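Numbering (the numbering used here), first residue to last: 2 to 254.
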Amino acid sequence: MSRPIFDIDKELDQAVQYHRAGELEKARQLYEKILKVLPNHPDALHLSGFVAHGAGKPSEAIKLIGRAIRSSPETPSYYSSLGDLFKSQGEFARAILCYRQALKLNPNDIDLHSKLGNIFRAQGKLEEAGHYYRKALDLRPDLAGPYYNMANVLKDQGSLQDAVSLYKRAIALNPGYAEAHNNMGNAYKMHYNLKEAITCYQKAVSLNPAYAQAYDNMGVAFQDQGRIREAFASYKKALQLDPGFVKAHSDLL
């Protein structure tokens with residue numbers, strides 16, 4: 002005799018609590034228990050996929066989330082999660098298909114626009130990346146993230162003044178945005194404005210003292226100014242924070 006649906010709901014809620022607490026084996030057991038009663042329960046399938054991915058089983062995770070999609074094909078978050086899995090495996094084309102399907106179902110989701118922008122930027126397809134970042138910016142001009150993402154594309158395209166302008170907009174909305182200060186420093190450095198670049202890097206590390214990349218960038222700017230002692234100190238700090246930072250090792254040589 003099947004269990005009443007409210008029992009399933011209670012067990013799912015308990016499984017989610019275990020999941021959020023990092024008790025993945027307990028969560029997995031409860032998801033499995035639910036799926037024995039309702040084999041096509043979409044949320045249990047979807048969340049089981051996350052557990053499988055966390056356990057280092059990407060193929061199983063993809064199968065489980067694929068089953069969740071077949072069970073509930075109008076749920077955009079399932080396509081987004083599957084896209085994340087494909088992206089983590091370097092399968093960018095399949096990830097893009099998933100994100101675009103999710104976007105068809107939820108066209109005003111700025112996270113989906115940002116994910117598509119990020120995946121295109123990672124492939125060096127800046128025009129496509131800019132298209133999605135601009136859409137996110139149109140949807141939420143009150144958020145710092147879309148300005149930062151669009152600024153990164155403009156920097157990559159060499160539109161440095163426009164990039165700096167958007168980094169400043171991002172920082173105005175989120176003064177603690179260490180990554181925006183760091184990348185604005187990179188844009189200034191590309192402008193050969195080393196003084197402003199160093200100021201940006203110093204602000205970035207003041208906001209995030211563990212920001213190894215910003216220390217390395219600052220070291221390069223100091224070295225370009227001929228301030229060798231300060232450059233070496235910055236490189237060493239970067240390596241202290243991240244001993245496996247290959248670029249910092251190379252810069253220190």
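Ideal Cβ positions, reconstructed from N, Cα and C, are used throughout, including at glycine.
No experiment lies behind these values; they were computed from the predicted model shown.
Give the DSSP-derived three-state secondary structure of Ser-49 in the structure shown. Start at 1 with the first residue of the sequence shown, and residue 49 comes out as number 48. The answer is helix: DSSP assigns Ser-49 an H, G or I state.
How about Lys-136 and His-114: do their beta carbons lie closer than 7 Å? Position 135 of the sequence shown, counting from 1, holds the residue named residue 136. Position 113 of the sequence shown, counting from 1, holds the residue named residue 114. Closer than 7 Å, so yes.
Can you give me the C-alpha to C-alpha distance between Met-2 and Glu-33, rounded to a whole angstrom? For the purposes of this step, residue 2 is identified with residue 1 of the sequence shown, where counting begins at 1. For the purposes of this step, residue 33 is identified with residue 32 of the sequence shown, where counting begins at 1. Only weak support exists for where Met-2 lies, its pLDDT of 42 falling under 50; the coordinates are left without a value.
Cutting at 7 Å between CB atoms, please list the residues of its own chain near Gln-90, excluding the five before and the five after it. Residue 90 sits at position 89 when you count from the first residue of the sequence shown. If we look at Gln-90 and ignore the five residues flanking it on each side, its Cβ neighbours are Pro-59.
Express the C-alpha separation of Pro-74 and Arg-68 in angstroms, rounding to a whole number. If you number the sequence shown from 1, residue 68 lands on position 67. If you number the sequence shown from 1, residue 74 lands on position 73. Spanning the two alpha carbons is a distance of roughly 10 Å.
According to DSSP, is Phe-246 helix, strand or coil? Indexing the sequence shown from 1 puts residue 246 at position 245. Coil, per DSSP.
Residue ranges of each alpha helix (DSSP H) within the region 198-230, 4 or longer: As far as the region 198-230 is concerned, its whole alpha helix (DSSP H) runs of at least 4 residues are 213-225.
Start and end of the alpha helix (DSSP H) containing Lys-126? Along the sequence shown, read from residue 1 onward, the residue named residue 126 stands at position 125. Neither: Lys-126 is in no alpha helix (DSSP H) and is coded neither H nor E.
Proximity winner among Asp-163, Leu-208, Leu-195, relative to Gly-220 (alpha-carbon distances): As a working note, residue 220 is residue 219 in the sequence shown. Of Asp-163, Leu-208, Leu-195, the residue nearest in Cα terms is Leu-195.
Taking the beta carbon of Ile-229 as the centre, do at least 16 other beta carbons fall within 10 Å, making it buried, or is it exposed? In the sequence shown, counting from the first residue as 1, residue 229 sits at position 228. Exposed.
Go ahead and pull the three-state DSSP assignment for Asp-252. Numbered from 1 along the sequence shown, position 251 holds the residue referred to as residue 252. If DSSP states are grouped into helix, strand and coil, Asp-252 belongs with the helices.
Reduced DSSP secondary structure (H/G/I, E/B, other) of His-182: Locating residue 182 in the sequence shown gives position 181, counting from the first residue. Helix at His-182.
Status (buried if at least 16 other CB within 10 Å, exposed otherwise) for Asn-252: In the sequence shown, the residue the question calls residue 252 occupies position 251. Before going on, a small fix: residue 252 reads as Asp here, not Asn. Answer is buried; the Cβ neighbour count reaches 16.
Nearest residue (CA-CA) to Leu-161, options Arg-21, Pro-176, Met-191: As a working mapping, residue 161 is identified with position 160 in the sequence shown. Ranking Arg-21, Pro-176, Met-191 by Cα distance to Leu-161 puts Met-191 first.
Range covered by the alpha helix (DSSP H) that runs through Ala-145: As a first step, residue 145 is located in the sequence shown; it is residue number 144 there, counting from the start. Its alpha helix (DSSP H) spans residues 145-158.
What does a CB cutoff of less than 6 Å around Leu-174 pick up in its chain, not counting 5 residues either side in sequence? Here residue 174 is taken as the residue at index 173 of the sequence shown, counted from 1. Answer for Leu-174: Ala-145, listed in chain order.
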